[in-house]
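Visitor: Protein chains in written order, with my numbering: chain A, 19 to 274; chain B, 110 to 410. A single structure is presented below for examination.
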Amino acid sequence: MKKTETAEVLSNNRLAEGIYDITLKCPGIAPMAKAGQFIEIYPDNGANLLSRPISICGAGEDTLRIVFQVVGKGTDLFSKLKQGDKVRILGTCGNGYTLESGSALLVGGGIGVPPLLETAKRLIASGCKVTAVLGFRSGSFLSDEFEKLGAEVHIATDDGSVGFKGNVVDLIKAKNLAADTVYSCGPKIMLKFLAMHCEGQNMPLQVSMEERMACGIGACVGCVVKIKDETAADGWTYKKVCKDGPVFDSREVCWE
Amino acid sequence: MINTKVNICGVELKNPVMTASGTFGSGREFSDFIDLNRLGAVVVKGVAAVPWKGNPAPRIAEVYGGMLNSVGLQNPGVDWFIENDIPFLRQFDTKIIVNVCGHSVEEYENVVRKLRGQDIDMLELNISCPNVSEGGMSFGTDPKMAENVVSAVKKLADKPLIVKLTPNVTDITEIAKAAVAGGADALSLINTLTGMKIDIYRRKPVLQRKIGGMSGPAVKPVAVRMVYQVCKAVDVPVIGMGGISNAEDALEFIMAGATGVSLGTANFIDPEASVKTVRGIEEYMRKYKVSSLDEIRGIIE
Chain A
19 MKKTETAEVL SNNRLAEGIY DITLKCPGIA PMAKAGQFIE IYPDNGANLL SRPISICGAG
79 EDTLRIVFQV VGKGTDLFSK LKQGDKVRIL GTCGNGYTLE SGSALLVGGG IGVPPLLETA
139 KRLIASGCKV TAVLGFRSGS FLSDEFEKLG AEVHIATDDG SVGFKGNVVD LIKAKNLAAD
199 TVYSCGPKIM LKFLAMHCEG QNMPLQVSME ERMACGIGAC VGCVVKIKDE TAADGWTYKK
259 VCKDGPVFDS REVCWE
Chain B
110 MINTKVNICG VELKNPVMTA SGTFGSGREF SDFIDLNRLG AVVVKGVAAV PWKGNPAPRI
170 AEVYGGMLNS VGLQNPGVDW FIENDIPFLR QFDTKIIVNV CGHSVEEYEN VVRKLRGQDI
230 DMLELNISCP NVSEGGMSFG TDPKMAENVV SAVKKLADKP LIVKLTPNVT DITEIAKAAV
290 AGGADALSLI NTLTGMKIDI YRRKPVLQRK IGGMSGPAVK PVAVRMVYQV CKAVDVPVIG
350 MGGISNAEDA LEFIMAGATG VSLGTANFID PEASVKTVRG IEEYMRKYKV SSLDEIRGII
410 E
């Protein structure tokens with residue numbers, strides 16, 4: 019079930035350069051939220067018409083928290099929202115992660131980190147041991163919140179400004195990190211190398227993918243990724259990130 | 110009392126509001142948001158003879174007041190459509206219009222042959238998609254080819270045949286006349302306008318296929334003009350579309366001469382836009398004492 023709702027901005031804080039943290043009051047949509055799902059937010063400025071898909075970083079009883087990066091006109095507009103402002107949203111979208119029992123390794127890259135926070139919260143609440151590996155270009159954000167939840171946190175930065183100097187996959191290898199299930203969100207190139215590593219180690223990996231979208235509900239068929247399909251003549255088919263995903267089993271994805 | 114009914118080639122729609130092909134799937138995705146019973150018709154996403162994969166991503170780019178798409182008519186094929194989507198749509202009291210796509214006359218014929226005897230209301234022949242390399246728009250830009258494909262399909266069709274036209278031509282009335290000469294029972298227009306967007310930071314086109322089809326509110330004046338010209342040029346009913354987002358937009362097309370109207374990109378911007386348009390037309394008719402849309406259709410001289 020999906021709904022549209024006019025949400026009220028309860029707070030908007032800048033977390034890091036270009037990274038904003040907004041809490042929305044949306045009693046219609048918030049209770050439906052699952053870890054790894056996203057919402058669509060409409061700019062409604064007359065020029066930018068398409069909604070922006072933003073992952074759910076935290077879900078309360080009647081609130082959703084989103085942490086996003088300014089990458090264009092829509093997100094720039096959202097970054098300027100003030101307490102009390104109203105925004106039209108649609109949600110919840112996508113399948114979310116399938117939360118498994120046993121130990122969990124959460125691997126996030128950049129703006130792929132936020133959806134893993136709600137994932138960590140739910141996994142820890144259900145008694146799972148959670149290790150989070152968070153990668154950034156420089157500096158970090160949200161890592162303290164993973165720690166507060168009780169996760170073991172490792173940070174990798176491209177420039178070495180915080181934690182391990184290098185990427186998350188190298189960090190995982192260097193520290194020999196392993197778990198029963200790996201949950202991930204981040205740039206496609208990171209997901210690809212992580213998939214290669216996890217397959218080699220026989221660790222099941224759920225990856226959250228991203229692609230340019232229009233509708234967010236599966237109607238426009240814009241946001242496709244190549245997924246393996248034995249029934250297709252050439253072995254693959256296009257699936258929709260917004261409806262069939264954004265989370266896929268890494269072994270299903272055709273990495274290019 | 111207002112009467113919102115419209116008649117297109119003998120098929121009576123409860124109101125003129127439809128959904129433009131390719132923006133509404135077969136309605137499933139919208140059933141969380143709206144009551145599909147409120148729509149005059151659902152025009153389903155293009156159906157081909159066999160499954161089509163469509164184009165590589167990125168397929169979507171936003172532009173000022175609209176968007177570009179390069180989906181390339183990804184669809185699971187006519188067999189899947191018949192088995193899954195017709196039964197789904199028949200649960201609702203709305204008309205089913207099936208958009209038919211192909212790369213060749215033969216492919217169009219194969220789809221229409223399979224749809225014979227199926228529980229649908231009308232066919233819409235897509236000779237105007239800019240996102241396929243063969244067929245598609247090439248049939249819609251050449252009057253002779255348009256007439257040929259329409260007459261081939263018309264011979265097989267057991268339902269009224271709507272032909273969907275591209276705006277990417279010098280004189281749309283020429284193609285409109287050719288489609289009617291081929292046997293089109295009705296026309297729908299406009300399909301998307303070809304367009305392009307370049308990401309100056311990456312120094313690359315946003316769309317993987319570089320060029321796509323533009324739609325959304327920004328194209329509406331072009332569409333109104335073309336609907337107006339076509340309505341003056343031919344005698345068959347016209348379904349107008351291109352940037353319609355609300356009742357005011359829809360009524361413009363009706364005054365330009367359209368019998369029906371379709372919402373396309375607006376469905377992405379507000380999933381309730383189609384039903385809001387139905388309500389808005391009803392409100393307009395009540396407020397301005399229009400008892401039937403016949404009173405305002407084509408009133409622009």
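All C-beta atoms in this analysis are idealised placements derived from N, C-alpha and C, irrespective of residue type, glycine included.
(1) Once the 5 residues before and after residue 337 of chain B are set aside, which same chain residues still bring their CB inside 7 Å of it?
(2) Per DSSP, which one or two residues make a beta bridge with residue 171 of chain B?
(3) Could you please give the first and the last residue of the uninterrupted beta strand (DSSP E) stretch that includes residue 323 of chain B?
(4) To the nearest angstrom, how far is it from the Cα of residue 229 of chain A to the Cα of residue 266 of chain A?
(5) If we call anything under 8 Å between Cβ atoms a contact, is residue 240 of chain B one with residue 298 of chain B?
(6) Strictly under 8 Å for the Cβ-Cβ distance: is residue 66 of chain A near chain B by that measure?
(7) Give me, in chain order, the residues of the same chain whose beta-carbon lies closer than 6 Å to that of residue 205 of chain A; leave out the 5 immediate sequence neighbours on both sides.
(8) Ends of the alpha helix (DSSP H) at residue 219 of chain A?
(9) Look at the alpha carbon of residue 132 of chain A and the alpha carbon of residue 65 of chain A, and state the distance between them as a whole number of angstroms.
(10) Any C-beta of chain A sitting closer than 8 Å to the C-beta of residue 162 of chain B?
(11) With a cut-off of 8 Å on the beta carbons, I'd call residue 169 of chain B and residue 231 of chain A a contact; round off their distance for me.
(12) Could you compute how far the alpha carbon of residue 116 of chain B sits from the alpha carbon of residue 98 of chain A?
(13) Would you please verify whether the beta carbon of residue 353 of chain B is less than 8 Å from any beta carbon of chain A?
(14) Spatial neighbours of residue 176 of chain B within its chain, please: C-beta separation below 8 Å, excluding the five flanking residues on both sides.
(15) Report yes if the CB atom of residue 191 of chain B is closer than 8 Å to the CB atom of residue 394 of chain B, and no otherwise.
(16) Using a Cβ-Cβ cut-off of 8 Å (strictly less than) and excluding sequence neighbours within five positions of residue 186 of chain B, which residues of its own chain qualify?
(17) Taking Cβ positions only, does residue 200 of chain B come closer than 8 Å to chain A?
(18) By alpha-carbon positions, which one of A/201, A/43, A/235 and A/41 ends up nearest to residue 111 of chain A?
(19) How many angstroms separate the CA atom of residue 34 of chain A from the CA atom of residue 76 of chain A?
(20) One question on the structure: do residue 173 of chain A and residue 156 of chain A come within less than 8 Å of each other, judged by their Cβ atoms?
(21) Using only alpha-carbon positions, find the residue among B/368, B/402 and B/321 that is nearest to residue 295 of chain B.
(22) Assuming contact is defined by CB atoms lying nearer than 8 Å, are residue 151 of chain A and residue 186 of chain A in contact in what I supplied?
(23) With DSSP collapsed to three states, give me the class of residue 147 of chain B.
(24) Pick out the complete beta strand (DSSP E) segments inside the segment 20-63 of chain A, 3 residues or longer, and give them in chain order.
(25) Can you tell me which of A/273, A/54, A/260 and A/238 puts its alpha carbon nearest to the alpha carbon of residue 254 of chain A?
(26) Per DSSP, what are the beta-bridge partners of residue 130 of chain A in this structure?
(27) Determine, for residue 74 of chain A, whether the minimum Cβ-Cβ distance to residues of chain B falls below 8 Å.
(28) Helix, strand or coil: which one does DSSP assign to residue 447 of chain B?
(29) Given that residue 180 of chain B touches chain A, what residues does it touch there, using C-beta distances under 8 Å?
(30) Taking residue 168 of chain B as the query, report the chain A residues whose CB atoms sit under 9 Å from its CB, ordered along the chain.
(31) Are there three or more Cβ pairs, one per stretch, closer than 8 Å when the segment 134-143 of chain B is compared with the segment 218-225 of chain B?
(32) Looking at the secondary structure, which residues open and close the alpha helix (DSSP H) in which residue 215 of chain B lies?
(33) Tell whether a beta-carbon distance below 8 Å holds between residue 58 of chain A and residue 109 of chain A.
(34) Between the alpha carbons of residue 44 of chain A and residue 202 of chain A, how many angstroms are there, rounded?
(35) Please determine, among B/256, B/146, B/215 and B/318, the residue with the shortest C-alpha to C-alpha distance to residue 291 of chain B.
(36) Return the CA-CA distance between residue 196 of chain A and residue 164 of chain B, expressed in angstroms with no decimal places.
Guide: Considering the structure as presented:
(1) 365, 366 and 409
(2) Residue 171 of chain B has B/176 as its beta-bridge partners, per DSSP.
(3) 320-324
(4) 13 Å
(5) no
(6) yes
(7) 127
(8) 206-219
(9) Rounded to whole angstroms, residue 132 of chain A to residue 65 of chain A spans 28 Å at the Cα level.
(10) Yes - at least one Cβ of chain A is within 8 Å of the one on residue 162 of chain B.
(11) 6 Å
(12) 49 Å
(13) no
(14) 169, 170, 323, 324, 325, 374 and 377
(15) No.
(16) 156, 157, 158, 159, 160 and 161
(17) Chain A contact via Cβ: absent.
(18) A/235
(19) 18 Å
(20) Going by C-beta atoms, residue 173 of chain A is not nearer than 8 Å to residue 156 of chain A.
(21) B/368
(22) Pairing residue 151 of chain A with residue 186 of chain A gives a Cβ-Cβ distance under 8 Å.
(23) helix
(24) 21-34, 37-43 and 56-59
(25) A/273
(26) BP columns for residue 130 of chain A are empty, so no partner.
(27) For residue 74 of chain A, the answer is no, since every Cβ of chain B falls outside 8 Å of its Cβ.
(28) Residue 447 of chain B lies beyond the range of chain B shown here (110 to 410); nothing can be said about it.
(29) 238, 239 and 240
(30) 229, 230, 232, 238, 239, 240, 241 and 242
(31) no
(32) Where residue 215 of chain B is concerned, the enclosing alpha helix (DSSP H) stretches over 214-224.
(33) yes
(34) 26 Å
(35) B/256
(36) 38 Å
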